[in-house]
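Colleague:
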Amino acid sequence: MTAPGRIGLALLLALASFAIVGPMIAASPVAQPDPLNGAFLLPSAAHWLGTDQLSRDIFARLAYGARISLAIAAIAVAVAAMVGSAVGLAAGSSTGLVGRALQRVINLGLALPRIIVLLVVLAAVGRIPPPLLGVLLGLTGWPAVARLVRGETLRLAQAPYVDAAHALGAPPARVLLRDIFPGTLPALLVATTLGVADAILLEAGLSFIGVGVRPPDPSWGSMILEARDHLANAPWLLLAPCVALVLATSAATLLGESLRRSLQPDTR
Amino acid sequence: MNRWLRYRIADAIITAIAAVIALIVLVRLLPGDPLTAILGDRGADPATRAILEARWGTDRTLLQTLASFFGGVLHGDLGISLSEQRPVTTVLAERLGPTLLLGSLTLLIDFTIGLALGVWAALHPDTRRARLLGLFTLIGYAVPSFVVGTLLMWIFAVKLGWVDSGGLTDTLLASDAPASAVLVDRLKHLALPLAAMVIATIAVPLRQQRTAALETAAQPWVLAARARGVRPAAIAWRHCWRPALTPIVTLFGLWLPMLVAGAVFVEYVFNWPGMGSLLAHATFSRDFPLVIGAGLVLIAFVQLGSLLADVLYHVVDPTQRPS
Amino acid sequence: MTPLLEVANLNIFFPQHGGPALVPVDDVSFTVSSGELVALVGESGCGKTLTGLALPRLLPRGAEIGAGSAIRFRGTDLTALSEPELRAYRGRRIAMVFQDPMTSLNPVMRVGAQIAEAIHAHRKVSRRDARDRVLALLVEVGIADPELRIDAYPHQLSGGMRQRVLIAMALAAEPDLLVADEPTTALDVTIQAQILELLDHLRTARGLAVLLITHDLGIVAGRADRVLVMYAGRIVESAATAQLFAHPAHPYTRGLFASIPRLNATTTRLTPIGGSVPRPDEWPAGCRFHPRCPVVIPRCRTERPPLEAKGPGQLAACWVTPGAAR
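Structural data, given as structure tokens:
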């Protein structure tokens, strides 16, 4: 793995540990101990990163936000990878009507802009608990994965060792699961890693426009939204969530690009 | 018009219709009654509710809904916005202009300066400035547009006060102000959203062009052209840039929808009165006739972009042309 | 009479970070005269392609020409010229034909336009005149229906036709020397003979000098005036074709002959040379062929043999082969 890839992996692991350990040692992210005198405090021993406009502890919000944002991203890529590879494998391996129909379904999914589907669903259901938001992000992310896995399946179905397996009389389902599916995993791993960055960005964006993770639940995106109203008097509120967000997306991008380079050297 | 193109256009239209149907079906399948959501805690007596249901069409079956929606589309009617109490088409028409302005300028800069920088980076692979550019593109990849926008707003609008921080125009600007003042005012409002959009997007065409140009520069035909004594500028243009155009054309098609909705988050940051901020507010106020109307426009642009990419693909790559 | 091209002590090296430079072409000297067809023969990796690329100074990035080297074209040393000055030579004085006719043509440019490019690069001519000139060239290289082919894209032509287009392109600016690097390797055997015939014909019709770079001694016979045999970056033998075929002086040349299949010699077995050409970073001391040489003596391992006369008009670098009578 390349040096940037190792940096990305280390950063992701560090952020994941922060998401797990941070909330254990942090104060409550929603408590408003002293809204009158305790707002906009600079960092101190009591509040490591200061307090926000409602006197809430920023470190606590950042830590719980990490937990929520990263959990949503993890759920999203897991759902997208599972649905996408199932549909992609089926579409790539079945011939005739079923294969063509599944190909149509994938194309239809690709024709629906992800952001529109997300906004339509969020408009219809309103407030949504964070884990469900993760599922929703996954259910809108699968067509891209399915297209990728279908392509890989079609490519691998041409491979000599797959021909050999067929010639030896292995049942088609067994060939699909034992010989073809493992071959799609490198591409799937790369797409999933890069998908983490996409999911984090989308969740942060949705929370930033107020329709993703909603107050009082903390999320990096909604923290930036709230900080935006106090740019003139407390610009430092922007710092922590922006840094966390950029670190997370950079880390996933670096790791994904590095994996791509080592697992799929012939592609860009 | 040849057969391939006719087939391709028909395919685009069918796909667009199927996508819109899928969107409407999705709304119907979802739990949660939009009407209740809109009426909120106030509720309504059954008689009023029945009137409202008839008005918003929530009492219809799925087929009736689809029929009336597409019937409306044929007459240029996308229903009434719940939050604005005006026809969806009117609201969309107002918002399309500013979005097209921001989106087309972004695309223009991305696909001129971005491509030029990409070729430059390919021609100077090992210099310090190229590495700096590489770092910059990585940041552009990873930093969300709204973070860029918010930071730009803080620096240039709040701290330095150079430009205005929101909206399309200064509402205090006199209506009879001279044209030059109007132009300056427009540019001051446009500068930050455009900068945020470009910074957040330019990395993609830049990197794609860089990779493609690096690949073509290593091709034997470039050496063959040099061996004929062709001028370096002609080699860069005809033998390096031109054959590397195919992936760029594909990217352009994929990005065309950005004209209408690439800017949801940036428009929201700067209160830019376009489709993006409209979508954000419509979603927040659960105005889904408006969201679906905007979705229809966006889906149309997605298909238009993919159609355009396919056509351009045949134009730029002679091996793909039907002979 | 001064030869058209005189290559003297050509060194091509790749400087390495923290190590001695790689020298894939080491002290190579030869001449080519007008109207002469000289073959440069050797296995892949012997430095013959780099030698060809060095003539119009088209070496890849990272390769440099040594200080003592000279490439004199009609007396002008090309190693001393700047990039813009060199452009006047490329195509106009020294033209190249490359191995792979598919990738040597730009896939998104019509072939006529690519040939015309070579004309426009060196002369001010109108588009119409250039087009007429291109049509005449297509006829000259034996393309049927030139009016039809001139606006074709490379992928619409067969491999043999593409190679003819590449030759037309090389001829477009009326060069004095044509460097053809494995011009037939990527082609079918029947087409190979046609292309070689064409090159031979052009030489006599135009008085063109040709440097034919090949790994195949078989295509050299009956066509080349002289043959240069290259091994591991050095010329090991140089002789008139007839002399070389009759009395090969270097064990490597003999090995090359032994590995050519012949239709009329069914009784002798093919005897390949053992091993393969070593890479530039593992060239042995002394005679570089000694690890593979069947007649090696101790001196070969330590001392580099000089090129010396072994027969009439024949030079070879070997300690074992006896020299010509003094």
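The listed protein sequences correspond, in order, to chains A, B and C. The first sequence begins at 0 in my numbering and counts up one residue at a time. The second sequence begins at 7 in my numbering and counts up one residue at a time. The third sequence begins at 939 in my numbering and counts up one residue at a time. Positions of the beta carbon are idealized from the N, C-alpha and C atoms, including for glycine. Being a predicted model, the structure only gives us computed values, none of them experimental.
Note down, in chain order, every chain A residue with its Cβ under 7 Å from the Cβ of B:I298.
Modeller: The residue given as residue 298 of chain B occupies position 292 in the second sequence. Result: V119.
Colleague: Which complete alpha helix (DSSP H) runs does the region 53-138 of chain B hold, if anything under 4 residues is left out?
Modeller: 68-80, 94-116, 119-129, all fully within the region 53-138 of chain B.
Colleague: Beta-carbon separation of B:L158 and B:A201 under 9 Å?
Modeller: Position 152 of the second sequence holds residue 158 of chain B. Position 195 of the second sequence holds residue 201 of chain B. Yes.
Colleague: Distance, Cα to Cα, A:N36 vs A:S54?
Modeller: Here residue 36 of chain A is taken as the residue at index 37 of the first sequence, counted from 1. Here residue 54 of chain A is taken as the residue at index 55 of the first sequence, counted from 1. Roughly 8 Å between the two C-alpha positions.
Colleague: Compare the Cα-Cα distances from B:G167 to each of B:F152, B:A185, B:L198 and report the closest residue.
Modeller: Translated into the one-based positions of the second sequence, residue 167 of chain B becomes position 161. Minimum Cα distance to B:G167 is reached at B:L198.
Colleague: Kindly give me the distance between the Cβ atoms of A:W235 and A:G49, rounded to whole angstroms, as I take these residues to be in contact under 8 Å.
Modeller: As a first step, residue 235 of chain A must be located in the first sequence, where it is residue number 236. As a first step, residue 49 of chain A must be located in the first sequence, where it is residue number 50. Between A:G49 and A:W235 the Cβ distance is about 7 Å, and since that is below 8 Å, they are a contact.
Colleague: For B:P211 and A:L246, what's the separation of their Cα atoms in angstroms?
Modeller: Here residue 211 of chain B corresponds to residue number 205 of the second sequence, with the count starting at 1. Here residue 246 of chain A corresponds to residue number 247 of the first sequence, with the count starting at 1. C-alpha separation (whole angstroms): 23 Å.
Colleague: Cβ atoms of B:L220 and B:H195: under 9 Å apart, would you say?
Modeller: Residue mapping note: residue 195 of chain B aligns to position 189 of the second sequence, counting from 1. Residue mapping note: residue 220 of chain B aligns to position 214 of the second sequence, counting from 1. Taking 9 Å as the Cβ cut-off, B:H195 and B:L220 do not qualify as a contacting pair.
Colleague: C:M1168: buried (16+ other C-beta within 10 angstroms of its C-beta) or exposed?
Modeller: Residue numbering aside, residue 1168 of chain C sits at position 230 when the third sequence is read from its first letter. With 16 or more other Cβ atoms within 10 Å, it is buried.
Colleague: Does the CB of B:H320 have a neighbour CB from chain C at under 9 Å?
Modeller: Residue mapping note: residue 320 of chain B aligns to position 314 of the second sequence, counting from 1. No, B:H320 does not count as interfacial toward chain C.
Colleague: Beta carbon of A:A156, beta carbon of A:G91: below 9 Å?
Modeller: The residue you call residue 156 of chain A lines up with position 157 of the first sequence. The residue you call residue 91 of chain A lines up with position 92 of the first sequence. Yes, the pair counts as a contact, with Cβ atoms nearer than the cut-off.
Colleague: Which stretch, first to last residue, makes up the beta strand (DSSP E) that contains C:R1010?
Modeller: Stepping through the third sequence from its first residue, residue 1010 of chain C is reached at position 72. It spans 1008-1011 - the beta strand (DSSP E) in which C:R1010 sits, taken as one unbroken run.
Colleague: Please list, in chain order, the chain B residues whose beta carbon lies closer than 9 Å to that of A:A233.
Modeller: Numbered from 1 along the first sequence, position 234 holds the residue referred to as residue 233 of chain A. Within chain B, no residue comes near A:A233; the closest Cβ sits about 11 Å away, beyond 9 Å.
Colleague: With a cut-off of 8 Å on the beta carbons, I'd call A:V174 and A:V161 a contact; round off their distance for me.
Modeller: Translated into positions along the first sequence, residue 174 of chain A becomes position 175. Translated into positions along the first sequence, residue 161 of chain A becomes position 162. Yes, they are in contact, since the Cβ atoms of A:V174 and A:V161 sit about 6 Å apart, within 8 Å.
Colleague: Compute the beta-carbon to beta-carbon distance between B:F290 and A:V210, rounded to the nearest angstrom, for a pair I have assumed lies under 8 Å.
Modeller: Position 284 of the second sequence, counting from 1, holds the residue named residue 290 of chain B. Position 211 of the first sequence, counting from 1, holds the residue named residue 210 of chain A. At roughly 5 Å, the Cβ-Cβ gap stays under 8 Å, so B:F290 and A:V210 are in contact.
Colleague: Would you list the residues sitting across from C:A1247 in a DSSP beta bridge?
Modeller: Sequence index remark: in the third sequence, residue 1247 of chain C carries index 309 (1-based). BP columns for C:A1247 point to C:L1253.
Colleague: Mind pulling the chain A residues with CB within less than 8 Å of B:T21?
Modeller: As a position in the second sequence, residue 21 of chain B is number 15, starting the count at 1. Ordered by position in chain A, the residues that pass the 8 Å Cβ test against B:T21 are N106, L107, A110.
Colleague: Can you name, in chain order, every residue of its own chain whose Cβ lies under 8 Å from the Cβ of C:N1044, other than the five neighbours on each side?
Modeller: For this step, residue 1044 of chain C is matched to residue 106 along the third sequence. Closer than 8 Å at the Cβ level, and outside the excluded window around C:N1044, lie Q1052, P1092.
Colleague: May I ask which residues mark the beginning and end of the beta strand (DSSP E) holding C:E1265?
Modeller: Residue 1265 of chain C is absent from the structure shown; chain C starts at 939 and stops at 1264.
Colleague: Which residues in the same chain as C:R1192 place their Cβ atom closer than 6 Å to its Cβ, once the five residues preceding and following it in sequence are excluded?
Modeller: Position 254 of the third sequence holds residue 1192 of chain C. Cβ neighbours of C:R1192 beyond the five flanking positions: P1186.
Colleague: Any C-beta of chain C within less than 7 Å: which residues of the region 206-229 of chain B qualify?
Modeller: Result list: Q225, P226, W227, L229.
Colleague: Please classify A:L253: does DSSP put it in a helix, a strand, or coil?
Modeller: Indexing the first sequence from 1 puts residue 253 of chain A at position 254. Of the three classes helix, strand and coil, the one that applies to A:L253 here is helix, per DSSP.
Colleague: Which value, in whole angstroms, describes the spacing of the CA atoms of B:F142 and A:S27?
Modeller: Translated into positions along the second sequence, residue 142 of chain B becomes position 136. Translated into positions along the first sequence, residue 27 of chain A becomes position 28. Taking the straight line joining both Cα atoms gives about 37 Å.
Colleague: To the nearest angstrom, how far is it from the Cα of A:G108 to the Cα of C:R995?
Modeller: If you number the first sequence from 1, residue 108 of chain A lands on position 109. If you number the third sequence from 1, residue 995 of chain C lands on position 57. Cα to Cα, A:G108 sits roughly 54 Å from C:R995.
Colleague: Rounded C-beta distance between A:V119 and B:G301? I'm assuming under 8 Å.
Modeller: Reading the first sequence from its first residue, position 120 is the one you call residue 119 of chain A. Reading the second sequence from its first residue, position 295 is the one you call residue 301 of chain B. The Cβ separation is near 6 Å, so the contact holds.
Colleague: Let me check understanding here. Comparing Cα to Cα, which of C:A1056, C:V963, C:L993 lies closest to C:V970?
Modeller: Stepping through the third sequence from its first residue, residue 970 of chain C is reached at position 32. Considering only alpha carbons, the answer is C:L993.
Colleague: Give the secondary structure of C:R1242 by DSSP, where H, G and I count as helix, E and B as strand, and everything else as coil.
Modeller: Position 304 of the third sequence, counted from the first residue, corresponds to residue 1242 of chain C. Looking at C:R1242 - three-state DSSP - the assignment turns out to be coil, as it is neither helix nor strand.
Colleague: Quick check for students: name the residue ranges of the beta strand (DSSP E) that lie wholly in the region 939-995 of chain C, counting only runs of 3 or more.
Modeller: Listed in chain order, they are 943-952, 960-970, 975-979.
Colleague: Out of curiosity, what's the CA-to-CA distance linking B:V31 and A:V76?
Modeller: Here residue 31 of chain B corresponds to residue number 25 of the second sequence, with the count starting at 1. Here residue 76 of chain A corresponds to residue number 77 of the first sequence, with the count starting at 1. Each residue's Cα considered, the two are about 25 Å apart.
Colleague: When you compare the CB positions of C:V1158 and C:V1148, do they come within less than 9 Å of one another, or not?
Modeller: Numbered from its first residue, the third sequence carries residue 1158 of chain C at position 220. Numbered from its first residue, the third sequence carries residue 1148 of chain C at position 210. Contact: no.
Colleague: What does a CB cutoff of less than 6 Å around C:S1214 pick up in its chain, not counting 5 residues either side in sequence?
Modeller: Within the third sequence, residue 1214 of chain C is the residue found at index 276, counting from 1. Result list for C:S1214: empty, nothing under 6 Å.
Colleague: Using a 10 Å radius around the Cβ and a threshold of 16 neighbouring Cβ atoms, would you call C:P962 buried or exposed?
Modeller: As a first step, residue 962 of chain C is located in the third sequence; it is residue number 24 there, counting from the start. Buried, because 16 or more other Cβ atoms sit within 10 Å of the Cβ of C:P962.
Colleague: Of all the CB atoms in chain B, is at least one closer than 9 Å to the CB of A:G209?
Modeller: For this step, residue 209 of chain A is matched to residue 210 along the first sequence. Yes, contact with chain B.
Colleague: Touching or not, the region 1127-1135 of chain C and the region 1056-1068 of chain C, by the rule of three or more beta carbon pairs under 8 Å?
Modeller: At 8 Å Cβ cutoff, the stretches do not touch.
Colleague: Are any of the Cβ atoms in chain C nearer than 9 Å to that of B:G235?
Modeller: Numbered from its first residue, the second sequence carries residue 235 of chain B at position 229. Taking Cβ atoms only, chain C reaches closer than 9 Å to B:G235, which makes this a yes.
Colleague: Between which two residues does the beta strand (DSSP E) carrying A:D197 extend?
Modeller: Within the first sequence, residue 197 of chain A is the residue found at index 198, counting from 1. Segment 180-207 is the alpha helix (DSSP H) holding A:D197; no beta strand (DSSP E) there.
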